[in-house]
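Enquirer: Got a structure here, written out as structure tokens. Questions coming.
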Amino acid sequence: MEKRKLVIVGASAFAEIAREYFDVDTHYQVVAFAVEASYLTRNELHGLPVVAFEQLDALYPPQEHDVFVAAVYTQLNRLRTRLAGEAKGKGYRLASYVSPRAFVWRNVKLGEHVFIFEDNTVQPFVEIGDNVVLWSGNHIGHHSKLRDNLFVSSHVVISGFCDIGENSFLGVNAAIANNVTIGRDNWVGPGVTLMKNTEPDTLFKAAHAEPAKVPATRFFKVGQ
């Protein structure tokens, strides 16, 4: 099968990773990266050109190229959402990636412009909206709904019948109990467990472990 050409918007670590996955696992061939002109500090990344996003349609016509926006959770996902919308407004089709090493049940509903890493488990009757990133190793429980513009980091557990509001971020090892609705614009820190519904625009900070008074070498009798 002839590969379709893809431009990745972004030049961060996520952009580098996305290039790897699209090139190896999909029918896409990444041909360039693009960033907004005010952030254009280099003209090449891994042997591919880096161009100004504002000139993208002139250099890489939408009739021949698709776009993926490799931005993380900046401004509660607003940056990724805005750039994806602008690319679509230029006439580009937005690409998605679903790892062949992820488990996605047959009746899962996927929106456009999603990126699902390896080792995700997405159970039956799940609905995933547009512009959603699932980093590696998450569990998305049956009948749950992940709304638009989300970033779910790694090893997050979303139990059954949950509803995750737009623009939210779920940190590493966060856990959401059954039948919980997370309001839009929520930031859920690493390791946070939520057992009941949340209000919109809420930040749940992670608890930082306090060091013990005894040094580690003394506790483990090092050097004795």
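Residue numbers (the numbering used here): 10 to 233.
Backbone N, C-alpha and C define an ideal beta-carbon position, used for all residues, glycine too.
With DSSP as the reference, label ALA79 as helix, strand or coil.
Expert: Position 70 of the sequence shown holds residue 79. The answer is coil: DSSP assigns ALA79 none of H, G, I, E or B.
Enquirer: What is the DSSP secondary structure of PHE170, reduced to helix, strand or coil?
Expert: As a first step, residue 170 is located in the sequence shown; it is residue number 161 there, counting from the start. Correct three-state label for PHE170: coil.
Enquirer: Using alpha carbons as the reference points, say which of ARG110, THR202 and SER177 lies closest to VAL33.
Expert: Working through the sequence shown from its first residue, we reach residue 33 at position 24. That would be ARG110, whose Cα lies nearest to the Cα of VAL33.
Enquirer: Reducing DSSP to helix, strand and coil, say where PHE229 ends up.
Expert: Along the sequence shown, read from residue 1 onward, the residue named residue 229 stands at position 220. Coil at PHE229, not helix or strand.
Enquirer: Alpha carbon to alpha carbon, what distance is there between PHE170 and LEU143?
Expert: Against the sequence shown, residue 143 aligns to sequence position 134. Against the sequence shown, residue 170 aligns to sequence position 161. Taking the straight line from one Cα to the other gives about 18 Å.
Enquirer: Nearest to GLY120 by CA position, among PRO199, ARG91, GLY138 and VAL40, is which residue?
Expert: Numbered from its first residue, the sequence shown carries residue 120 at position 111. Among PRO199, ARG91, GLY138 and VAL40, the Cα nearest to that of GLY120 belongs to GLY138.
Enquirer: Please return the same chain residues whose Cβ sits closer than 8 Å to the Cβ of PHE213, not counting the five positions on each side in sequence.
Expert: For the purposes of this step, residue 213 is taken as the residue at position 204 of the sequence shown. Hits under 8 Å: ASN195, TRP196, VAL197, GLY198, VAL201, LEU203 and THR207.
Enquirer: I'd like to know whether the C-beta atoms of PRO71 and TYR101 end up nearer to each other than 7 Å.
Expert: One-based indexing of the sequence shown puts residue 71 at position 62. One-based indexing of the sequence shown puts residue 101 at position 92. Yes, Cβ-Cβ distance for PRO71 and TYR101 is below 7 Å.
Enquirer: For ASN52, count neighbouring Cβ atoms within 10 angstroms of its own Cβ and tell me buried if that reaches 16, exposed if not.
Expert: Here residue 52 is taken as the residue at index 43 of the sequence shown, counted from 1. So ASN52 ends up on the exposed side.
Enquirer: May I have a chain-ordered list of the alpha helix (DSSP H) segments no shorter than 4 residues that lie completely inside the region 178-231?
Expert: List check, alpha helix (DSSP H) in window: 225-228.
Enquirer: Under the DSSP definition of a beta bridge, which residues are partnered with THR130?
Expert: Here the question's residue 130 lines up with position 121 in the sequence shown. Beta-bridge pairing links THR130 to PHE112 and HIS148.
Enquirer: Could you check what DSSP says for ARG91 in three-state terms: helix, strand or coil?
Expert: Here the question's residue 91 lines up with position 82 in the sequence shown. Looking at ARG91 - three-state DSSP - the assignment turns out to be helix.
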